[in-house]
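The numbering used here applies: residue 19 is where the sequence shown begins, and numbers increase by one. We put the beta carbon where it would ideally sit given N, CA and C, even for glycine. All figures in this text were calculated on a predicted structure; none of them were measured in a lab. Note sheet for the following structure.
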Amino acid sequence: MTSARNEFRPTRAMILAAGRGRRLRPVSDRLPKALMEVEGKPLIEHLLAALAAAGVREAVVNLSWLGGMIRARLGDGSRHGLRIRYSEEGESVWDTGGGIRRALPLLGEEPFWVVNADVRTSFPFPAANPRAGDLAWLMLVPNPEHNPAGDFHLREERVGKDGPRYTFGGVSILAPELFRDSAEKVFGLAPLLRTAADEGRVAGALYEGYWADAGTVERLEAIRRRPPEA
Numbered sequence: 019m020t021s022a023r024n025e026f027r028p029t030r031a032m033i034l035a036a037g038r039g040r041r042l043r044p045v046s047d048r049l050p051k052a053l054m055e056v057e058g059k060p061l062i063e064h065l066l067a068a069l070a071a072a073g074v075r076e077a078v079v080n081l082s083w084l085g086g087m088i089r090a091r092l093g094d095g096s097r098h099g100l101r102i103r104y105s106e107e108g109e110s111v112w113d114t115g116g117g118i119r120r121a122l123p124l125l126g127e128e129p130f131w132v133v134n135a136d137v138r139t140s141f142p143f144p145a146a147n148p149r150a151g152d153l154a155w156l157m158l159v160p161n162p163e164h165n166p167a168g169d170f171h172l173r174e175e176r177v178g179k180d181g182p183r184y185t186f187g188g189v190s191i192l193a194p195e196l197f198r199d200s201a202e203k204v205f206g207l208a209p210l211l212r213t214a215a216d217e218g219r220v221a222g223a224l225y226e227g228y229w230a231d232a233g234t235v236e237r238l239e240a241i242r243r244r245p246p247e248a
């Protein structure tokens, strides 16, 4: 990723907003989860504000289910302080990794933020500290009730094969190189991250502040009951 333990800060980001949100039915039958409101505005607008404050100048939003509603709401991004472009996925199934690779021409050659549209967090984006040569940096969080086993081992800010297991919080910095050897059209992100971690090329940090995901009706309502701490 640029210079060793460095001052590099991504100026581009991708927000993953193409999901169907089946566990949020029936609400998601008529409203994409990225547009579900918390504290008076859609989840995705909270993320755009945080990214813009962290120095992001361009965001790519991938679209599928009810994507036209997201585009109509966000427009070109000018009122959010950045430029928004869209990666249209249509009705095809790309999975997370495939969707990101499809958007790479819009994301440039430098590492970029990737954020799940259903995340609500007080995470200070400028605190991320990628290292030279890494393919990824991951925000990890203490394991919530719905994922008690965690996703990745973390020891001394390195994601690898040992150390406590924590849950991936849906916030990362990824290098385009991570996707270059992927031959499949449809593929997940986690296998790529595990391979890169086995090669010693993934950093991470445990974030113990406010974090939640709106992946189900119950979790969305919990977010609405308990807004993040400023």
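>> Let's see if you can read the secondary structure: which residues bound the alpha helix (DSSP H) around Glu63?
In response: 61-71
> Under the DSSP definition of a beta bridge, which residues are partnered with Gly187?
Replying inline: DSSP output for Gly187 lists no bridge partner at all.
> Out of curiosity, what's the CA-to-CA distance linking Asn134 and Ala154?
Replying inline: 15 angstroms
> How many whole angstroms separate the CB atoms of Gly178 and Gly218, which I take to be in contact at a CB cut-off of 8 angstroms?
Replying inline: Yes, Gly178 and Gly218 are in contact; Cβ-Cβ is about 7 angstroms, under 8 angstroms.
>> For Met87 and Glu202, what's the separation of their Cα atoms in angstroms?
In response: 29 angstroms
> In terms of alpha-carbon separation, which member of Ala214, Glu76, Tyr225, Arg149 lies closest to Phe186?
Replying inline: Tyr225
> Between Lys51 and Glu63, what straight-line distance do the alpha-carbon atoms span, to the nearest angstrom?
Replying inline: 12 angstroms
>> Which same chain residues end up closer than 8 angstroms to Arg103 when comparing Cβ atoms and leaving out the 5 residues on each side of it in sequence?
In response: Glu76, Ala77, Val78, Val79, Leu124
>> DSSP three-state label for Arg43, please.
In response: Arg43: coil per DSSP, three-state reduction.
> In terms of residue numbering, what span does the beta strand (DSSP E) encompassing Met32 cover?
Replying inline: 30-34
>> So, under 8 angstroms CB-CB, Gly116 and Val204 are touching, yes? Tell me the CB distance rounded to an integer number of Å.
In response: 5 angstroms
>> Helix, strand or coil for Thr20? Go by DSSP, reduced to three states.
In response: Legend: pLDDT at Thr20 = 43, less than 50; position of this residue unreliable, value from coordinates given subsequently. Correct three-state label for Thr20: coil.
>> According to DSSP, Leu172 sits in a beta bridge with which residue or residues?
In response: For Leu172, DSSP records a beta bridge to Val177.
> If you count every other CB in all the chains shown that lies within 10 Å of the CB of Pro28, and 16 or more means buried, which is it?
Replying inline: Counting the other Cβ atoms within 10 Å of the Cβ of Pro28 gives 16 or more, which makes it buried.
>> Using C-beta distances below 7 angstroms, list every residue in its chain close to Val220, excluding the 5 sequence neighbours before and after it, in chain order.
In response: Asp152, Leu153, Ala154, Leu156, Val177, Leu211, Ala214
>> I need the DSSP call for Gly117, collapsed to helix, strand or coil.
In response: helix
> What's the C-alpha gap between Gly99 and Pro209?
Replying inline: 34 angstroms
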